[in-house]
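Trainee:
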Amino acid sequence: KHPLEIPPPSEENWQKEDEEDFFLQDPERKRDALPQPFRMINKLVMLVFENAMEIIERREVLREEQKLKVQPTECFPTAEFQVSGRANCLAVSGKYVFVGLSVSLAAFTVCDCKEVCTWDAVKTEICAIHASDLGDELHVLLAVDEMGLVWLFCFHQESFLLIKILNEMDDISKRSTCVEVVLSPGGDYAGVLLQGNTKAWLDIYQLPKDSWLKEMEKNPGAAGGPACRERRAQCGSQADIFLLQTETANKADAKLSLPVLMLKVKPPKPITGSSFKSPLDALKKVDDGSMLGLGYNHLIKDSQWEQQEAIFRSAYGECLEAEDEREGKQEIPRHATFHFLLPSQILQVGPEIKVQPDVPAGFGVHWDESHNLCFYLLNRPLKEKVDPDLKPDVVWPCAAPIACSAVSSCSRYLALACEDAAITVWDTHLGHPLSVTAILEERLIHSVHFL
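FYI, UniProt numbering numbers position 185 of the sequence shown as 185, with every residue one higher than the one before it.
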């Protein structure tokens, strides 16, 4: 017989999953180890638990950080306006709040939120309101309804008086719709951007507020109108209703002065090839040396543009395929942004014209996809017929199309944001830029505001 030998330990039969804990397990608890697939389920449950604890810890850290921040003050309404119908818009002027409703226009007092008058003669939905305080309890309102009509009102002695519908036309097919309305500070001028079937233009009106104040003093009853619902409700008998109808009919005969259409601004015409033979011919076409920058008076022929376009497309034809599809759908400019400006260095007028510091001396406008910011003077003699081909008095060309603009409340600072993500702030009183900010990531800027 051979002597007995102790065989060497073998690792072939070891469980691979428990190699780390093999020597740490208690032999008495060997049966407590879970079999498969329960061990895998246990690991998944523990993993979910650990991930949940990490999320809880992150949220607790964020909650502690929020406690250290200054919490905003919560504001709750102290009063509410009781309106009939749906409120679409509102404007504040003096001690009144004007609210555009689904079927009417209402006026409320700021102090007690009570309705003082409602205009519902036409049963139209008011979508936008602009109001200005003219003094002596007289307010001017511009209201835009759902059909794009612009209604000009005067509000005096807690009553509405309709003066005129600015874009009313007898022929419905020729009627234009309002896109935007701007009322100058102080209520001296009003700008209405209109769109027709194939074109768009900007109308500038002068509001005779001084005449309105004098007419109101001479005829106090002119402010009463037949559309004040609250005053009609005070009549209790048929006799009272008859007397009220007679009185309001007499008041309606007292008309106020109508606004005067001063300017009609059209979008810039496309630049075409030159017909000039020499630079002298191009300079002769310039009426005023200060009105430069539109690019109409040049010496580039149509053949030169066509040749340059052919060379460019032959070199970058593949990159321009998507661009060609987009350019084929381009139309004439249909929208513009405009601002009324107080007297400044960029709006210089002659010494014979008296300029008031708080009355706008001009306005600036830029159309969609346009590089030029055009300025027009308002202090010009009134003509019986508006100039159909009005040229700007000052032109500011920009390196890229202007995306949006803004004017500060004091009308001194003008901000221009171009499509190349560059924002320029101008001092209109001095006539030079204060700062130029370029956003590193070229993104389209949709709006600019002064705070």
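Where a beta carbon is used, it is the ideal one built from N, C-alpha and C, also for glycine.
How about Cys113 and Ser159: do their beta carbons lie closer than 9 Å?
Mentor: Not closer than 9 Å, so no.
Trainee: What does the alpha-carbon distance come out to for the pair Gly135 and Arg443?
Mentor: Their Cα atoms are separated by approximately 44 Å.
Trainee: So for Glu180, helix, strand or coil by DSSP?
Mentor: Glu180 falls in the strand class under three-state DSSP.
Trainee: Does the distance from the C-beta atom of Tyr205 to that of Gly191 stay below 9 Å?
Mentor: Yes, these two residues count as a Cβ contact at 9 Å.
Trainee: In this structure, what does DSSP give as the bridge partners for Tyr96?
Mentor: Answer is Ser93, Thr109.
Trainee: Report the CB separation of Phe340 from Ala406 in whole angstroms; it is logged as a contact under 8 Å.
Mentor: Contact doesn't hold; Cβ gap of about 13 Å is too wide.
Trainee: Among the candidates Ile56, Thr437, Val99, whose CA atom is the shortest distance from the CA of Cys89?
Mentor: Cys89 has its Cα closest to that of Val99, out of Ile56, Thr437, Val99.
Trainee: Under three-state DSSP, which class holds Met147?
Mentor: Of the three classes helix, strand and coil, the one that applies to Met147 here is coil, per DSSP.
Trainee: Which of the three DSSP states, helix, strand or coil, is assigned to Ala200?
Mentor: Looking at Ala200 - three-state DSSP - the assignment turns out to be strand.
Trainee: Counting beta carbon pairs with one atom in the stretch 397-406 and one in the stretch 431-442, are three or more of them shorter than 8 Å?
Mentor: The stretch 431-442 vs the stretch 397-406: no contact.
Trainee: For Cys404, name the three-state secondary structure that DSSP assigns.
Mentor: Here Cys404 sits in strand by DSSP.
Trainee: Flag this pair as yes or no: are the beta carbons of Pro259 and Leu207 separated by less than 9 Å?
Mentor: In contact: Pro259 and Leu207 (Cβ atoms closer than 9 Å).
Trainee: For the stretch 49-57 and the stretch 76-88, state whether three or more C-beta atom pairs, one from each stretch, are separated by less than 8 Å.
Mentor: Contact between the stretch 49-57 and the stretch 76-88 is absent, because fewer than three Cβ pairs lie under 8 Å.
Trainee: Given that a residue counts as buried once 16 or more other Cβ atoms are within 10 Å of its Cβ, and exposed if not, what is Gly289?
Mentor: The pLDDT assigned to Gly289 is 48, lower than 50, so where the model puts this residue is not dependable; a value taken from the coordinates is nonetheless given after this. That one is exposed.
Trainee: By DSSP, does Glu57 sit in helix, in strand, or in coil?
Mentor: It is helical.
Trainee: So what does DSSP say about Cys117, is it helix, strand or coil?
Mentor: Cys117 falls in the strand class under three-state DSSP.
Trainee: If you drop the 5 nearest sequence neighbours on each side, which residues of the same chain put their C-beta closer than 8 Å to that of Glu57?
Mentor: Cβ neighbours of Glu57 beyond the five flanking positions: none.
Trainee: Tell me the rounded alpha-carbon separation between Gln66 and Arg59.
Mentor: So the alpha carbons of these two residues sit roughly 10 Å apart.
Trainee: State buried or exposed for Met216, treating a residue as buried only when at least 16 other CB atoms are found within 10 Å of its CB.
Mentor: The residue in question, Met216, is buried, as its Cβ has 16 or more Cβ neighbours within 10 Å.
Trainee: For His366, count the other beta carbons within 10 Å of its own beta carbon; 16 or more makes it buried, fewer makes it exposed. Which is it?
Mentor: Burial call: buried.
Trainee: Find the nearest neighbour of Arg380 within the set Leu105, Pro360, Thr428, Phe155, judged by alpha-carbon distance.
Mentor: Out of Leu105, Pro360, Thr428, Phe155, Pro360 has the C-alpha closest to the C-alpha of Arg380.
Trainee: Grab the span of the beta strand (DSSP E) containing Gln195 for me, first residue to last.
Mentor: Per DSSP, Gln195 belongs to the beta strand (DSSP E) from 189-195.
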